[in-house]
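Structure record follows, encoded as structure tokens.
Numbering (the working numbering), first residue to last: 114 to 1259.
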């Protein structure tokens, strides 16, 4: 054979173009990745290119699958300690030191003496403890088995002998033995406790090589039972050169040696290891069909590649990162402490204690500063803020939904993860087992009906539609049954979706789905208690990630068919576009109110189906859809999608066996709700003599009595109709295999008449289960009462939650301040020597140089332009004065607020601009005279008297109500104020500055030159500010217009409302009409008070009756809809400093 340069190669070589492209790609990767990530990437790329086929590469990557530490650990070997402690109470600390050094799985402690089990359960909290007492006070055996290893005690009455069964990769029996010369039992007594695989650890007090006859009898017994002695290479007794601590083994491999470290016992500890054979990973080959093989290989590739790119490392304990100097200081204290223990020096002990106090203070200061920093940036988008909320959400939640243990049918608490998984799998396998239905059935066995769309096929998916569906899908990191999360969709190349596009179209055309699409991972959450039976858990199904995309594509086509055929009724609002929950609620209430207007008694029955979505009967669903005219192509795909589903339970990362799901809509699927409401589209028409409202599986049915007859006959007729409705409902329930939850099905009686008839409505034709009647019911998140009141409904606030209104001045800015304007404001300001919170009085303004004001001018303009105020401007010093007595509670004091001196100048400058906006927009009404230029108090009083005299001239009775708001200026609600002023058309620049001026205010109390702590001020106008009165009257500019049927007069927060009776009728009728109008006025006033969060001082709100007639009618006007608080009537009232009498005399 000759070699020629033109010979055909045995294998295809990589072209130079592809090789150059690969090298260029690697260069780009090296530049963008860290050295560690780049090396990992090169390893993965080399593995992908060098392995001959796909499955060999998968086998390599399978080795990187991590076994979770939370599930049952797969031990490849057991590390065992055998130690004659000569009194455990003396040497338990030495045992703890050995455990921390060698991480033992099992410990056999010999000659322990009598011990306190409860004490050692706390000391060895990670171990199960098995104790067998000895024949005297020195004897005793303790076997410790690490948590996570399944172990059980075998009863043994022999003293100094403890027998434990170990179950794991290999099951074996372990015996701990202490055999002193004075033992009361023989070796043959142990024969009953030997098993096929067993090991005996102990202090045998027999040296097999030196003890002659005694050793011969032991060896004879071991030979008879196929036990092989495994002896350390050196002596185990410190008192003699003898080997008396060792192990006897049957059908197990063991490595043994002694511990040569220091020990206070007279026996050396014996360390041994039992290795096991590692289980091989099983490689499955999929040969169902090409679609299964392709898809399974693809998802396995993604899952294993994700695992290969992940680096796992063990983390035993979390310790916060301390500064280097603090760690060094702690290490120094630790070393000094060990030196003090060795030297027993008292001076050194005092120094260690002193340094420990310093270290404790430094640690507290460090943690406090870190917490303060996290609280400061908690609302930002930084990684530290994300970490803060991730850790703090566990403390904010009132309860956790995690499961700690399950309760089986016998009442036993199961805590082992594998047993919990199998117990839950047994329950849910039985729960999802298909029901036994009597055939023939009208839905499944009726003759087929031919429709005009029998040949309609499912439209193909385009690549653009697929990509838009993927991009619109919410990306989460929860893994499905194959270890894939749709978060990976962000990193898939465009070519991947081209492959999946063919898969989706092939599935729609042939009604064939990959079997992996039907695999479900179920995670259980506790409904209430952490320890509960499986029936009180909530299953969360995690479906295949790529299947969810296919469901979304199919759903758009399925909804199109439903819309074209008009199958979904109008009384169903759940999971439909353009059908809102609130609309369904309003229609429901409208039906109730319209029936109540006919004076008919009404019964509303709220039906609850037991786990409705989980009860879907597959054959019945397909048969029913066929009768509705759904094309066969859609039916075949839905049937293939429902059949042959399977699942497993996962608890604490431990998986159960697979089990079948033979009924129910797939939970978490976007298709399931639409399929369910289509399946129940005839529910409303199947219930006779009632009005039904549906939202998904929530059914509310309104049944009314006959009209035109007596109320008692109406109630009897209503009871008959309810029974007919129950019969129809139960028939539908049996027909669709959807059981009714009779415990949660409740009824509400509504009528104008007083009293509730005693209806006795039973389920199941006279059984003990009957409808429960309730006074109110929470329907669709809203409480429905028997009187249909609106007080139970949640309503957004009109000031803060209403949509914004656009005005023509949205871009208006606050005009800049000139230096002349600033100086004139300063010179016009009254100079006082009272100090603010920072020790500054505006009397100092007389001595400030001109350059100071140039600097402050920039500060004021910057504040107006950016709506930013120095935090010091919001600090307030509060001095308390006594209202009456010198010794009084704090509620009877008058606070005097001393604001920041420079802030007051800024408020004065802003006020001139704010008043200009109010004047240009004409926002302040003419009936408000307080704190306004050219509006005097005396003018308001004369206008008020003029209105009273003009009404009296008509011979009409008049009531004047003088309303007192409780500490009105101190009740200003910040968000309500800004929202209301925004709706008045104030420009956003002004709003932002006012909001910044109001927020984050704080103050302190000063009494006799002693200050309190700082506290926040979260409501109220800043007292002593020139801006506060104008802001307050702007906030209440619509008070007069909100009070119907009256004439109102306002001076700041002083309100006088004049209400008069109707003209042209008798005086008695005028008084009755006046009383009605007063009640309407009070209702409107209270509504305004609640709306603006300004409580009324009912004790100081008084009324004055004025008329030409003699006498005063006894009006009984109450606040708060019939409460005990009512208006006080007085013969005269001091209004604006002047006494107003009922006769209006001067």
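A virtual CB, placed ideally from N, CA and C, is assigned to each residue, including glycine. Just so it is clear, the structure is predicted and the values come from calculations on it, not from any experiment.
Practice task
Please list, in chain order, all residues of the same chain as residue 1045 whose beta carbon is under 7 Å from its beta carbon, the five residues on each side excluded.
Solution key: In the chain shown, residue 1045 corresponds to position 932, counting from 1. Closer than 7 Å at Cβ, skipping near neighbours: 1037.
Problem - Residues near residue 830 in its chain [Cβ-Cβ closer than 8 Å; skip 5 each side] - result: Within the chain shown, residue 830 is the residue found at index 717, counting from 1. For residue 830, the CB contacts under 8 Å within the same chain, skipping 5 residues up- and downstream, are 818, 819 and 822 in chain order.
Exercise for the section: Use the C-beta contact count for residue 533: other C-beta atoms within 10 angstroms, 16 or more gives buried, fewer gives exposed. Expected result: Here residue 533 refers to the residue found at position 420 when the chain shown is read from its first residue. A buried status is given to residue 533, since no fewer than 16 other beta-carbon atoms sit within 10 Å of its beta-carbon.
Exercise for the section: Measure the C-alpha to C-alpha separation of residue 754 and residue 365 and round it to an integer number of angstroms. Expected result: Taking the chain shown and counting its residues from 1, the one referred to as residue 754 is at position 641. Taking the chain shown and counting its residues from 1, the one referred to as residue 365 is at position 252. Between the alpha carbons of residue 754 and residue 365 lies a distance of about 50 Å.
Handout entry: Classification of residue 1162 by the beta-carbon crowding that lies within 10 angstroms, buried from 16 upward
Key = Counting from 1 along the chain shown, the entry for residue 1162 is found at position 1049. The residue in question, residue 1162, is buried, as its Cβ has 16 or more Cβ neighbours within 10 Å.
Practice task
Just list the beta strand (DSSP E) runs in the segment 747-809, keeping only unbroken ones of 3 residues or longer that don't cross its boundaries, in chain order.
Solution key: If we require 3 residues or more, the beta strand (DSSP E) runs fully inside the segment 747-809 come out as 758-764, 772-774 and 804-808.
Exercise for the section: Report yes if the CB atom of residue 1140 is closer than 8 Å to the CB atom of residue 1023, and no otherwise. Expected result: Here residue 1140 corresponds to residue number 1027 of the chain shown, with the count starting at 1. Here residue 1023 corresponds to residue number 910 of the chain shown, with the count starting at 1. Yes, the Cβ-Cβ distance between residue 1140 and residue 1023 is below 8 Å.
Problem - Nearest-angstrom Cβ-Cβ length linking residue 987 and residue 1114, presumed shorter than 8 Å - result: Here residue 987 corresponds to residue number 874 of the chain shown, with the count starting at 1. Here residue 1114 corresponds to residue number 1001 of the chain shown, with the count starting at 1. The C-beta distance from residue 987 to residue 1114 rounds to 4 Å, short enough to meet the 8 Å contact threshold.
Practice task
Could you please give the first and the last residue of the uninterrupted beta strand (DSSP E) stretch that includes residue 862?
Solution key: Within the chain shown, numbered from 1, the residue matching residue 862 stands at position 749. Where residue 862 is concerned, the enclosing beta strand (DSSP E) stretches over 859-863.
Exercise for the section: Please determine if the segment 729-737 and the segment 771-779 are in contact, where contact requires at least 3 C-beta pairs separated by less than 8 Å. Expected result: Result yes; three or more Cβ-Cβ pairs closer than 8 Å.
Handout entry: Distance between residue 765 and residue 183 (C-alpha atoms, nearest Å)
Key = Looking up residue 183 in the chain shown gives position 70. Looking up residue 765 in the chain shown gives position 652. Per-residue confidence for residue 183 stands at a pLDDT of 43, beneath the threshold of 50, marking its modelled position as unreliable; the derived number appears in the next sentence. When the Cα atoms are used, residue 183 and residue 765 turn out to be separated by approximately 6 Å.
Exercise for the section: Would you be able to state if there are at least three C-beta pairs under 8 Å between the segment 939-950 and the segment 1060-1080? Expected result: No, because fewer than three Cβ pairs between the segment 1060-1080 and the segment 939-950 fall closer than 8 Å, the two stretches do not touch.
Handout entry: Those residues which DSSP pairs with residue 719 across a bridge
Key = In the chain shown, the residue the question calls residue 719 occupies position 606. DSSP output for residue 719 lists 813 and 859 as bridge partner(s).
Handout entry: Reduced DSSP category for residue 1219 - H, G, I as helix; E, B as strand; rest coil
Key = For the purposes of this step, residue 1219 is taken as residue 1106 along the chain shown, with counting starting at 1. Residue 1219 carries a strand assignment under DSSP once its states are collapsed to helix, strand and coil.
Problem - Cβ-based burial, residue 377 [other Cβ within 10 Å; buried from 16] - result: Along the chain shown, one-based indexing puts residue 377 at 264. Result: exposed.
Handout entry: Euclidean distance between Cα positions of residue 864 and residue 840
Key = The residue you call residue 864 lines up with position 751 of the chain shown. The residue you call residue 840 lines up with position 727 of the chain shown. Rounded to the nearest angstrom, the two C-alpha atoms are 24 Å apart.
Problem - 7 Å Cβ shell around residue 173 - same chain, five flanking residues per side excluded - result: Against the chain shown, residue 173 aligns to sequence position 60. 160 and 164, listed in sequence order.
Practice task
In the DSSP assignment, find the unbroken beta strand (DSSP E) run with residue 931 in it and report its ends.
Solution key: Along the chain shown, read from residue 1 onward, the residue named residue 931 stands at position 818. Careful: residue 931 lies outside any beta strand (DSSP E) and carries neither H nor E.
Exercise for the section: Please say whether residue 922 and residue 682 have beta carbons closer to each other than 8 Å? Expected result: Residue numbering aside, residue 682 sits at position 569 when the chain shown is read from its first letter. Residue numbering aside, residue 922 sits at position 809 when the chain shown is read from its first letter. In this structure, residue 922 does not lie closer than 8 Å to residue 682 by Cβ.
Problem - Range covered by the alpha helix (DSSP H) that runs through residue 577 - result: As a working mapping, residue 577 is identified with position 464 in the chain shown. Following the DSSP letters along the chain, one finds residue 577 inside the alpha helix (DSSP H) bounded by residues 576-585.
Exercise for the section: Note down, in chain order, each residue of its chain lying with its Cβ closer than 7 Å to the Cβ of residue 947, except the 5 sequence neighbours on either side. Expected result: Counting from 1 along the chain shown, the entry for residue 947 is found at position 834. 954 and 1011, listed in sequence order.
Handout entry: Beta-carbon proximity of residue 1243 to residue 1168, cut-off 8 Å
Key = Position 1130 of the chain shown, counting from 1, holds the residue named residue 1243. Position 1055 of the chain shown, counting from 1, holds the residue named residue 1168. No; because the gap between Cβ atoms is not below 8 Å, this pair is not in contact.
Exercise for the section: Could you have a look at residue 1138 and say whether DSSP puts it in helix, strand or coil? Expected result: Position 1025 of the chain shown holds residue 1138. Reduced to three states, the DSSP call for residue 1138 is coil.
Problem - Test item: CB-CB of residue 1199 and residue 913 under 8 Å - result: As a working mapping, residue 1199 is identified with position 1086 in the chain shown. As a working mapping, residue 913 is identified with position 800 in the chain shown. For residue 1199 and residue 913, no; Cβs fall outside 8 Å.
Handout entry: Three-state secondary structure assigned by DSSP to residue 1175
Key = By one-based count along the chain shown, residue 1175 stands at place 1062. In the structure shown, residue 1175 sits in coil (DSSP, three-state: anything other than H, G, I, E or B).
Exercise for the section: Look up residue 143 in the DSSP assignment and say whether it is helix, strand or coil. Expected result: Here residue 143 is taken as the residue at index 30 of the chain shown, counted from 1. Here residue 143 sits in helix by DSSP.
Problem - Chain-order list of residues whose beta-carbon lies under 6 Å from that of residue 573 (same chain, five-residue window excluded) - result: Residue mapping note: residue 573 aligns to position 460 of the chain shown, counting from 1. Taking residue 573 as the centre and dropping the five residues before and after it, the same chain places the C-beta of 618 closer than 6 Å to its C-beta, in chain order.
Exercise for the section: Give the DSSP-derived three-state secondary structure of residue 998 in the structure shown. Expected result: The residue labelled residue 998 in the question sits at position 885 within the chain shown. Three-state result, residue 998: coil.
Handout entry: Proximity to residue 965 [Cα-Cα], best of 146, 135, 932 and 710
Key = Translated into the one-based positions of the chain shown, residue 965 becomes position 852. Per the C-alpha coordinates, the member of 146, 135, 932 and 710 positioned closest to residue 965 is 932.
Exercise for the section: Would you check if the distance between the CB atom of residue 381 and the CB atom of residue 372 is smaller than 8 Å? Expected result: As a first step, residue 381 must be located in the chain shown, where it is residue number 268. As a first step, residue 372 must be located in the chain shown, where it is residue number 259. Closer than 8 Å, so yes.
Problem - Contact set for residue 416: own chain, Cβ-Cβ below 7 Å, skip 5 residues either direction - result: For the purposes of this step, residue 416 is taken as residue 303 along the chain shown, with counting starting at 1. Around residue 416: 595, 596 and 597.
Handout entry: Whether residue 698 touches residue 895 by CB criterion (8 Å)
Key = Within the chain shown, numbered from 1, the residue matching residue 698 stands at position 585. Within the chain shown, numbered from 1, the residue matching residue 895 stands at position 782. Cβ atoms of residue 698 and residue 895: closer than 8 Å.
Practice task
Helix, strand or coil for residue 840, going by three-state DSSP, please let me know.
Solution key: Position 727 of the chain shown, counted from the first residue, corresponds to residue 840. DSSP places residue 840 in helix when its eight states are reduced to three.
Handout entry: residue 1161 in three-state terms, based on DSSP
Key = Here the question's residue 1161 lines up with position 1048 in the chain shown. In the structure shown, residue 1161 sits in a strand (DSSP, three-state: E or B).
Exercise for the section: In angstroms with no decimal places, state the Cα-to-Cα distance between residue 789 and residue 721. Expected result: Sequence index remark: in the chain shown, residue 789 carries index 676 (1-based). Sequence index remark: in the chain shown, residue 721 carries index 608 (1-based). For residue 789 and residue 721, the distance between alpha carbons rounds to 15 Å.
Exercise for the section: Could you name the residues of the same chain whose beta carbon sits closer than 8 Å to that of residue 591, not counting the 5 residues immediately before and after it, in chain order? Expected result: Indexing the chain shown from 1 puts residue 591 at position 478. Within the same chain, residue 591 has close Cβ partners 598 and 655.
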